[in-house]
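Only one structure is covered here, and it is reproduced in the block below.
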Ligand SMILES: Cc1cc2nc3c(=O)[nH]c(=O)nc-3n(C[C@H](O)[C@H](O)[C@H](O)COP(=O)(O)OP(=O)(O)OC[C@H]3O[C@@H](n4cnc5c(N)ncnc54)[C@H](O)[C@@H]3O)c2cc1C
Ligand code: SF4
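Protein chains in written order, with the numbering used here: chain A, 71 to 318; chain B, 12 to 580.
Set out below in structure tokens:
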């Protein structure tokens, strides 16, 4: 059902991308990996993002929620530990996950717009679910600050300055609910951070993560396809080139 | 002040499967029906961006907006119930078509045993067997309900093959079964080797293009894998907005009002005179007078509206007396994930109700003399299509994040599969619903309070059936399976199923049930309460086949009542 017009638009995009790829000559996870903490090099983005015209760079890779770069950097480090770059493929940063989370926090999800947020608030049992009065973006504010202060307590250093294994230890303490936090448990924050990271890796690229559908490609998940009626009975595993909402 | 509107013959509260069937059947016979639906109007045209897992599968855009209304929950009567602040364990419907828009479409008929569960169990195993369970017959038999199952299956274009353990059928399924895939075949072969009788899962995804009795044309399913939690952009899933509502509107007798949240059933103690509702966009209040009031607002709100309107006898968990809020049940879900190191499967392809099932351990299809529980469940493989965010199967000792998690979850995304069970859930005295004393909804009405935990019956069923699902998975050739942790407390967070039942149960006696076998209230003859709220317990299948049948049964009762009046039973 993908319309013809979409196809021709796509090929124009592909053309632009490919030409900038050649002209810029800058591509590859190595470079991106080295950029932890800073913005992506616009030229590199053009090369790695299939969905953006080269002239404009990756227009949506800008923070819409975080205003303090140090806090965004903590987030970047944390999500990269949760979903690291390795021989299987890109990690959370190369996939755009920090921007995904930033944009989600700025929107209705960050404000718990469709959730029951009336008081009174009580901690609740292990089986009663989320009971914090914090909105999600507040939970991330508090949680990110706490990652840093807890790193100071435990390792006398900033979270972003720690070795990877030390960062893991900090995150594990959050996960195991060993860290005191304001307004919510550290486990609640960790679980939310983990969930948001996986969402950013695998949600449609329209949301700013899963750059170039690399998350899907690693998993052999073809994204949005109109139909599998001709393959569903196949005995063989079928590799299908993924498509995103953009191609609807 | 609420504005009073002109009177109508029938007002229907909530327009999902139950409400739309009532509207179509009554409209067809010339009754004037007003349908009040708190959510928005929606249909095929609204599903053009539907293959968006984050938006629909994870953020639940098609489901209930909890900022307006939720329920509170506690495991037992000693705890303080707290609001379910985020959707989790079940995904309540909201908007035209209700959950029928985003369901999977597994469409079973409860077993003959279910409807007479108390009598049959006691007869065979003695009274001792049901100790601790608040078990009741439904006041109707399978044979009496059969014609209505048939109607619903035709309306929903169910494709399937005969269940070797099922009740007698007057007709075959209106559609052939869904396709056989390597997964369904493997399950069936393994089950047969183990001496079981597998069959293809009955499906409300159209196995072929189909036209139902309402002239609704449904397309053939494309196995697109965005089915459960999503609307079907092809009109290939039986969904009330496709299958029933266009017909209801064409009768000229059905007026749908979306964004209309009913807050009260107005009554004089023995008869209702109409309902009060608020336009959730403009906040204006209205009174809709009606000859007959039909509640089809799902288990939760069918119960809540009666309690907050003080209609019917509220259930008392201390004495077991009273009926509104009684016998809340859920679903017990033992299952097995199998990991296959040397094979890769097209797990990302599928359809909501593509699968294969065995009923050898359901109902009383096996001897319960030597087991410490009654009933059982339908065991199935369901190839509904794995999606990338939600589906991260890993071997049990894998950490939940980091390099190893990444590696394993990627590897097993296409190298694992799951066998699941829809296990029956039995009522107890202390699993029930009432009104919360503290928390309110956006319109100032008290929230429903759910008190629920798993009983020994549930835990024993879970353990026993889990061993069977392990056995089948091993026979299917899995390299290894994960251990199953025992069932402990019910947790409102992880998704389980939206198969909540009870609260306004049906039965043969006024003393112990809220509605008779036409779903007519014993305590108010012009009020009919339709849905899984009428289930006296939950059976070993997904509920909607039986909900559909009860809706047809109720429609017949309402027509009778509109002519003759009085108690129908
Ligand atoms: C993800 C998912 C998958 C499922 N898969 C299956 C399956 O495979 N097989 C199966 O048998 N079942 C399945 N179910 C369950 C199935 O969807 C329900 O049993 C069925 O749709 C219930 O129909 P209903 O008409 O009784 O209620 P609903 O569909 O819930 O409709 C009730 C309607 O009432 C409206 N309403 C509620 N309160 C008010 C009020 N105060 N005023 C006005 N309107 C109100 C709601 O907005 C809603 O639209 C699934 C459910 C979910 C969520
Ligand atoms: S799997 Fe079939 S019925 Fe389900 S949404 Fe896709 S096409 Fe529709």
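All residues carry an ideal CB built from backbone N, CA and C; glycine is no exception.
Asked, Found
"Rounded straight-line distance, which links the Cα of residue 207 of chain B to that of residue 149 of chain B", "29 Å"
"Alpha carbon of residue 136 of chain A to alpha carbon of residue 248 of chain A, nearest angstrom", "26 Å"
"Supposed close pair residue 61 of chain B, residue 400 of chain B - CB separation, criterion 8 Å", "About 15 Å; that fails the 8 Å criterion."
"The segment 146-158 of chain B: positions lying closer than 7 Å to chain A by Cβ", "none"
"Distance between residue 294 of chain B and residue 15 of chain B (C-alpha atoms, nearest Å)", "15 Å"
"Nearest-angstrom Cα separation, counted from residue 302 of chain A out to residue 171 of chain A", "34 Å"
"Cβ contact check for the segment 77-93 of chain B and the segment 190-207 of chain B: 3 or more pairs under 8 Å", "no"
"Completely contained alpha helix (DSSP H) runs for the segment 25-60 of chain B, where each covers 4 or more residues", "28-39"
"Stretch pair the segment 103-117 of chain B + the segment 15-30 of chain B: three plus CB contacts closer than 8 Å", "yes"
"Residue 232 of chain B Cβ short of 7 Å to ligand 2 heavy atom set", "yes"
"Min CB distance residue 124 of chain A to chain B below 8 Å", "Residue placement at residue 124 of chain A is poorly supported in this model, since its pLDDT is 40, which falls under 50; the coordinates still yield a value, given next. Cβ-Cβ to chain B under 8 Å: no for residue 124 of chain A."
"Cross-chain neighbours of residue 288 of chain A in chain B, by beta carbon under 7 Å", "421"
"Runs of beta strand (DSSP E) wholly within the segment 271-325 of chain B (minimum 3 residues, chain order)", "271-278, 283-290, 296-306"
"Rounded distance between the beta-carbons of residue 200 of chain A and residue 96 of chain B, thought under 8 Å", "5 Å"
"DSSP state of residue 365 of chain B mapped onto helix, strand, coil", "coil"
"C-beta atoms of residue 36 of chain B and residue 267 of chain B nearer than 8 Å", "no"
"Interface positions of the segment 267-278 of chain B facing chain A (Cβ-Cβ less than 8 Å), listed along the chain", "none"
"Contact list for residue 294 of chain A against chain B, beta-carbon separation under 7 Å", "62"
"Per-residue burial, residue 12 of chain B [other beta carbons within 10 Å of its own, 16 or more giving buried]", "exposed"
"Proximal chain A residues relative to residue 413 of chain B, where beta-carbon distance stays under 9 Å", "151, 152, 153, 154, 238, 241"
"Same chain, Cβ closer than 6 Å to residue 265 of chain B, neighbours up to 5 away in sequence not counted", "34, 38, 44, 259"
"8 Å Cβ cutoff, residue 100 of chain A in contact with chain B", "In this prediction, residue 100 of chain A has a pLDDT of 32, which is less than 50 and means its spatial position is unreliable; what the coordinates show is noted afterwards. Output row for residue 100 of chain A: interface = no."
"Bridge partners - residue 340 of chain B, DSSP secondary structure assignment", "B:512"
"Separation of residue 312 of chain B from residue 460 of chain B, as counted between CA atoms", "11 Å"
"Alpha helix (DSSP H) segment containing residue 219 of chain A, residue limits", "206-225"
"Cβ neighbours of residue 256 of chain B in the same chain (closer than 6 Å, five flanking residues each side left out)", "31"
"Alpha-carbon spacing of residue 425 of chain B relative to residue 396 of chain B, whole angstroms", "11 Å"
"Residue-level contact to chain B via CB, residue 206 of chain A, 8 Å cutoff", "no"
"Beta-carbon gap between residue 285 of chain A and residue 314 of chain A smaller than 8 Å", "no"
"Interface residues of chain B facing residue 197 of chain A [CB-CB closer than 7 Å]", "86, 500, 501, 502, 503"
"Residue 555 of chain B Cβ short of 7 Å to ligand 1 heavy atom set", "yes"
"Selection of the segment 245-277 of chain A by Cβ proximity to chain B, strictly under 7 Å", "264, 268, 269, 272, 273, 274, 277"
"Any non-hydrogen atom of ligand 2 within 7 Å of residue 291 of chain A CB", "no"
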